[in-house]
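Colleague: Take any residue in the sequence shown, count from 1 to its spot, add 498: that is its number in this note's numbering.
For glycine and all other residues, C-beta sits at the position ideal for the given N, C-alpha and C.
Treat the numbers as computed from the prediction; the structure is a model and nothing was measured.
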Amino acid sequence: MKTGAKITVRGIVQGVGFRPFVYGLARRYGLAGSVRNDSLGVEIVAFGEAGALDAFVQGIRQEHPPAARIYELHVEPMAFEARDGFAIDASAVREERFVPLSPDLATCTECAKELFDPNDRRCRYPFINCTNCGPRFTIIRDIPYDRPKTTMSSFAMCADCEREYHDPADRRFHAQPNACPVCGPQVRLLDPSTGSGQAAAGQEMACEDPVGKAVEMLAAGKIVAVKGLGGYHLACDATSDEAVGALRSKKYREDKPFAVMMRSLDEVAKYCVLDETARELLTSVRAPIVLLDKRAALIEKAAGPGGPALQSSGHAALSKEVAPLQRRWGVMLPYTPVHHLLMAGAARPLVMTSGNVSDEPIAFRDDDALERLRGIAEAYLVHDREIRTRCEDSVTTVFRGRPYVLRRSRGHVPEPLRLPLRAPKHILAVGAELKNTFCLVRDDMYFMSHHIGDLEDVKTLEAFEDSLAHLKKLLYVEPEVVVYDLHPDYLATKYALALEGVERIGIQHHHAQVLSCVADNFWGDEAAVDERVIGVAFDGLGYGDDGHIWGGEFLVFNALESRRVAHLDEVPMPGGAKAIKEPWRMAVAHLCAVFGDGVPALGIPLTEALDEKTWDLLVQMMDKGVHSPPTSSMGRLFDAVSAIAGVRQAVNYEGQAAIELEYYTDPAVEEAYEFGVAQNELGRLVISPRPMFESLVEDVRRGKPLKELSTRFHNGVAGMIVAVCERIREAEGLETVALSGGVFQNRYLLGRAYELLEAAGFRVLVHSRVPANDGGIALGQALHGAAVLRGRE
Ligand SMILES: [Zn+2]
Ligand SMILES: [Zn+2]
């Protein structure tokens, strides 16, 4: 029977090759009709045999291009009309209405093939792309998403490119960044040693093939700055101790791990333990950095993976300087044509780390980047396609077969998370301070921003303001409500409080954190926002309702309210912010709480190294409460244990002491240290680390190996989580536990706590799509805002 249908598709369906896909599918099923973009997505009318139409609709759902996201697909029956073939109606309606935009997409397989095909006109062209791949978010200046509104506007297409662009059957039909060697952007290699005055970046190196020359330099152990999709990378040979060591010392990044780019999944498998989820992540259009267990990494051996065996198979070991004292390598596959060319030429893994000094935001504007990377890179591989929006690589790992995102940025943004709670008004959630991201909400779409960075200075605040203005424009969001963290010193909070003409809603740090975990796992319908859940929020610091620094918290909460039901006992942070940089201070504070005046006589390396003057000074500070804010932080407890165990007394980056302590865990160790739990006068459970410290000090005195100390501590914390949750379950009748906060980036702790909670009959929520660290907080804030507004309707 011949019939017809009007099919409307909502979601990310523009700029991702959707219409050519529909065209091909219609022809496959012998259907007539047309497809066009409309102001909300794509509209299709199709006519033909009923069975073929059904198969066609099924095909749209199941076979759509990898970058497309279908939110809604609506089929409306129509009477049969006789039409001539299937047409793409290119004259899209261009009302000024919101259309979801695509994130940047990794180079597709077809483009990668053409890139190395000597007969293709784009052979070795570093900017090859099509509707299935290439830059999007990072080049968009304004909407609607059309070439003149992107940083490709200055390149006029040649006749060949123009023909592809207008041919509905072509893979490059309406590919806005379409380009070729004749008409598109070009790469150049600059020599910074020749820079002066106006041409501070240096002169162009005379060479036929800038990428080839860069490869030569990388192979010779040089550091090359590479302009990529969302910013500059610093690249060097990951198998060379000299090259990686030089990069480390020049970048002032003493221990922080570097990401490594590898040629193929096969190469990754030589160095890392790879499962199905990790394979999918690495090869996805998002192409994130994936943290994967080092193959054959032994905790006793600080050497690179595999050693001789790898070398004999033709794969050199990665330099141990790449990720010292880490159990995992951070690995990604090439995701732009420039990367593909570099990797094919270098034929070895390359370090690809953000082009910045220390913890500054990634460099992305040419003049700024080249100035900042001076003295680090020995050549700059640049190009003339401008990056509109800085966007760092996303970072993820795998937990129990699901992605576990640690940084949600390039490849994700500006794709929204869709939650079942619709916001009646536009909302802005400004996020926290460290690893800041913000969130804009319209309807049921929660748009998390790209990674902004640590919002601690004017430079990052400017990046925050610029990104906010840009995303508001692209997404047609004009916030009427702003949600903020209660910390009065956060720049994001100050920004929110200074906004005029908007309603302001504050929410406590850890409430927003555990709520972000619920949002990440949103189940069922809207009613889930009312369900009360046990939240375990373990992080470095967050401003508490009582003005103290919290961070080892058990909350009973829903989207509207939260109640602190248990927390780690407070100790002073002697020296305030200094105690974060110097974990030995937290060790002294905790030991003091347990052993009092007996600390100097404990006879462990930490106290032996402590001179009398320092000890006196610290005790006085803590006694008088000078520069010693009280804290219940779990992150700081990890720091203290790390220092006492002898792992690290001072850190070069946030969380280092805890990360290195995790390095020494060993699943074969079953014993656990004890924690005490007692109810205080407010009816809250207060968790005492006293018995844990007594055993730890005893074990250090006896010279127990590090893996015993570390694992017993981790097991102890996991056991304590379950014990406290069981008491809360008894009192409140709650079965669901959400694990959130930066401490849960610790895979050993997360895994252990999950298993024990599950065995005790709890339903456990962990993060997947947004980070457990402060980078996810804006989502919890936003959901809270939406819940408050709904409550009023
Ligand atoms: Zn492509
Ligand atoms: Zn061209």
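Classify Ile568 as helix, strand or coil using the three-state DSSP reduction.
Modeller: What you label residue 568 is simply residue 70 of the sequence shown in a count that begins at 1. In the structure shown, Ile568 sits in a strand (DSSP, three-state: E or B).
Colleague: What do you get for Ser1131, buried or exposed, if any count of 16 or more other CB atoms within 10 angstroms of its CB means buried?
Modeller: As a first step, residue 1131 must be located in the sequence shown, where it is residue number 633. Under this definition Ser1131 is a buried residue.
Colleague: Give a yes or no on whether the C-beta atoms belonging to Leu959 and Leu966 are separated by under 8 Å.
Modeller: Translated into positions along the sequence shown, residue 959 becomes position 461. Translated into positions along the sequence shown, residue 966 becomes position 468. No.
Colleague: Can you give the Cα-Cα distance for Ala712 and Val880, rounded to whole angstroms?
Modeller: Here residue 712 refers to the residue found at position 214 when the sequence shown is read from its first residue. Here residue 880 refers to the residue found at position 382 when the sequence shown is read from its first residue. Taking the straight line joining both Cα atoms gives about 11 Å.
Colleague: Could you check what DSSP says for Leu1255 in three-state terms: helix, strand or coil?
Modeller: Residue mapping note: residue 1255 aligns to position 757 of the sequence shown, counting from 1. Leu1255 falls in the helix class under three-state DSSP.
Colleague: To the nearest angstrom, report how far apart Thr629 and Pro1127 are at their CA atoms.
Modeller: The residue labelled residue 629 in the question sits at position 131 within the sequence shown. The residue labelled residue 1127 in the question sits at position 629 within the sequence shown. Each residue's alpha carbon lies about 55 Å from the other.
Colleague: Which residues in the same chain as Met655 place their Cβ atom closer than 7 Å to its Cβ, once the five residues preceding and following it in sequence are excluded?
Modeller: Residue mapping note: residue 655 aligns to position 157 of the sequence shown, counting from 1. Only Tyr663, Asn676 and Cys681 meet the Cβ criterion.
Colleague: Check whether the stretch 608-617 and the stretch 638-658 touch, using three or more Cβ-Cβ pairs below 8 Å as the test.
Modeller: Cβ pair count under 8 Å is below three, so no.
Colleague: Say the cut is 7 Å; is the CB of Cys621 nearer than that to a heavy atom of ligand 2?
Modeller: The residue you call residue 621 lines up with position 123 of the sequence shown. No, the Cβ of Cys621 stays beyond 7 Å of every heavy atom of ligand 2.
Colleague: Mind checking whether the beta-carbon of Thr605 lies closer than 7 Å to any heavy atom of ligand 1?
Modeller: As a first step, residue 605 must be located in the sequence shown, where it is residue number 107. Because some heavy atom of ligand 1 lies under 7 Å away, the Cβ of Thr605 counts as near it: yes.
Colleague: Please state whether DSSP places Met499 in a helix, a strand or coil.
Modeller: As a first step, residue 499 is located in the sequence shown; it is residue number 1 there, counting from the start. Met499: coil per DSSP, three-state reduction.
Colleague: By the three-class DSSP mapping on this structure, what secondary structure does Lys1202 have?
Modeller: For the purposes of this step, residue 1202 is taken as the residue at position 704 of the sequence shown. Reduced to three states, the DSSP call for Lys1202 is coil.
Colleague: At the level of alpha carbons, what is the spacing between Arg886 and Ala550?
Modeller: Counting from 1 along the sequence shown, the entry for residue 886 is found at position 388. Counting from 1 along the sequence shown, the entry for residue 550 is found at position 52. Taking the straight line from one Cα to the other gives about 44 Å.
Colleague: Could you name the residues, in chain order, whose CB is less than 7 Å away from a heavy atom belonging to ligand 3?
Modeller: This structure does not include ligand 3; its bound ligands are ligand 1 and ligand 2.
Colleague: For Glu963 and Val979, which I take to be in contact (beta-carbon distance under 8 Å), what is that distance rounded to the nearest angstrom?
Modeller: Position 465 of the sequence shown, counting from 1, holds the residue named residue 963. Position 481 of the sequence shown, counting from 1, holds the residue named residue 979. Rounded, the Cβ-Cβ distance is 19 Å, inconsistent with contact.
Colleague: Spell out a yes or no on whether the stretch 865-882 and the stretch 767-777 are touching, meaning 3 or more CB-CB pairs, one atom from each, closer than 8 Å.
Modeller: Verdict: no, contact absent.
Colleague: From Gly515 to Pro563, what does the alpha carbon distance come to, in whole angstroms?
Modeller: In the sequence shown, the residue the question calls residue 515 occupies position 17. In the sequence shown, the residue the question calls residue 563 occupies position 65. So the alpha carbons of these two residues sit roughly 7 Å apart.
Colleague: With a 10 Å radius around its C-beta and 16 neighbouring C-beta atoms as the bar for buried, classify Glu890 as buried or exposed.
Modeller: For the purposes of this step, residue 890 is identified with residue 392 of the sequence shown, where counting begins at 1. Answer is buried; the Cβ neighbour count reaches 16.
Colleague: Touch check for the stretch 517-533 and the stretch 552-566: three-plus C-beta pairs under 8 Å?
Modeller: A contact exists between the stretch 517-533 and the stretch 552-566.
Colleague: Which partner residues of Glu450 appear in the DSSP bridge assignment?
Modeller: In the structure as shown, the chain begins at 499 and stops at 1291. Residue 450 is therefore absent and cannot be evaluated.
Colleague: Below 8 Å between beta carbons: does that hold for Leu917 and Leu1281?
Modeller: The residue labelled residue 917 in the question sits at position 419 within the sequence shown. The residue labelled residue 1281 in the question sits at position 783 within the sequence shown. For Leu917 and Leu1281, yes; Cβs fall inside 8 Å.
Colleague: Relative to the C-alpha of His1046, which candidate in Val1031, Val1034 and Gly1074 has its C-alpha closest?
Modeller: Within the sequence shown, the letter at position 548 stands for residue 1046. That would be Gly1074, whose Cα lies nearest to the Cα of His1046.
Colleague: With a Cβ-Cβ cutoff of 8 Å, do His731 and Ser852 count as a contact?
Modeller: Here residue 731 refers to the residue found at position 233 when the sequence shown is read from its first residue. Here residue 852 refers to the residue found at position 354 when the sequence shown is read from its first residue. Yes, the pair counts as a contact, with Cβ atoms nearer than the cut-off.
Colleague: Do the stretch 1085-1100 and the stretch 1031-1045 make contact, defined as three or more Cβ pairs closer than 8 Å?
Modeller: No: the two stretches stay apart, fewer than three of their Cβ pairs being nearer than 8 Å.
Colleague: Does at least one heavy atom of ligand 1 sit under 7 Å from the Cβ of Glu662?
Modeller: Taking the sequence shown and counting its residues from 1, the one referred to as residue 662 is at position 164. Glu662: no, Cβ never under 7 Å from ligand 1.
Colleague: Tell me where the beta strand (DSSP E) around Asp739 begins and ends.
Modeller: Here residue 739 refers to the residue found at position 241 of the sequence shown. Note, Asp739: premise wrong, no beta strand (DSSP E); alpha helix (DSSP H) at Asp739 to Lys749.
Colleague: Run through the DSSP bridge pairs and tell me what Val507 is partnered with.
Modeller: Start at 1 with the first residue of the sequence shown, and residue 507 comes out as number 9. Val540 and Leu571, per the DSSP bridge assignment.
Colleague: Could you round the C-beta distance between Asp942 and Leu848 to whole angstroms and report it? I think they count as a contact, below 8 Å.
Modeller: Sequence index remark: in the sequence shown, residue 942 carries index 444 (1-based). Sequence index remark: in the sequence shown, residue 848 carries index 350 (1-based). Contact doesn't hold; Cβ gap of about 41 Å is too wide.
Colleague: Beta strand (DSSP E) containing Gln1147: first to last residue?
Modeller: Numbered from its first residue, the sequence shown carries residue 1147 at position 649. Per DSSP, Gln1147 belongs to no beta strand (DSSP E) and is neither H nor E.
Colleague: Just list the beta strand (DSSP E) runs in the stretch 1170-1223, keeping only unbroken ones of 3 residues or longer that don't cross its boundaries, in chain order.
Modeller: You should have 1174-1177 and 1183-1186.
Colleague: Out of Pro1187, Gly557, Glu1158 and Val709, point me to the one whose CA is closest to Gln684's CA.
Modeller: Residue 684 sits at position 186 when you count from the first residue of the sequence shown. Of the listed residues, the one whose Cα sits closest to Gln684 is Val709.
Colleague: Is Ile638 helix, strand or coil when you go by DSSP?
Modeller: Reading the sequence shown from its first residue, position 140 is the one you call residue 638. Of the three classes helix, strand and coil, the one that applies to Ile638 here is strand, per DSSP.
Colleague: With a CB to CB cut of under 6 Å and the five nearest residues on each side skipped, what residues in its chain are close to Arg1134?
Modeller: On the sequence shown, residue 1134 is found 636 positions in, with the first residue counted as 1. Excluding sequence neighbours, Arg1134 sits near Met1084.
Colleague: Run through DSSP, which three-state label would Ala767 get?
Modeller: Taking the first residue of the sequence shown as position 1, residue 767 is located at position 269. Ala767: helix per DSSP, three-state reduction.
Colleague: May I ask you to report which of helix, strand or coil DSSP gives Arg900?
Modeller: As a position in the sequence shown, residue 900 is number 402, starting the count at 1. If DSSP states are grouped into helix, strand and coil, Arg900 belongs with the strands.
Colleague: Cβ of Met850 within 8 Å of Cβ of Val758?
Modeller: For the purposes of this step, residue 850 is identified with residue 352 of the sequence shown, where counting begins at 1. For the purposes of this step, residue 758 is identified with residue 260 of the sequence shown, where counting begins at 1. Going by C-beta atoms, Met850 is nearer than 8 Å to Val758.
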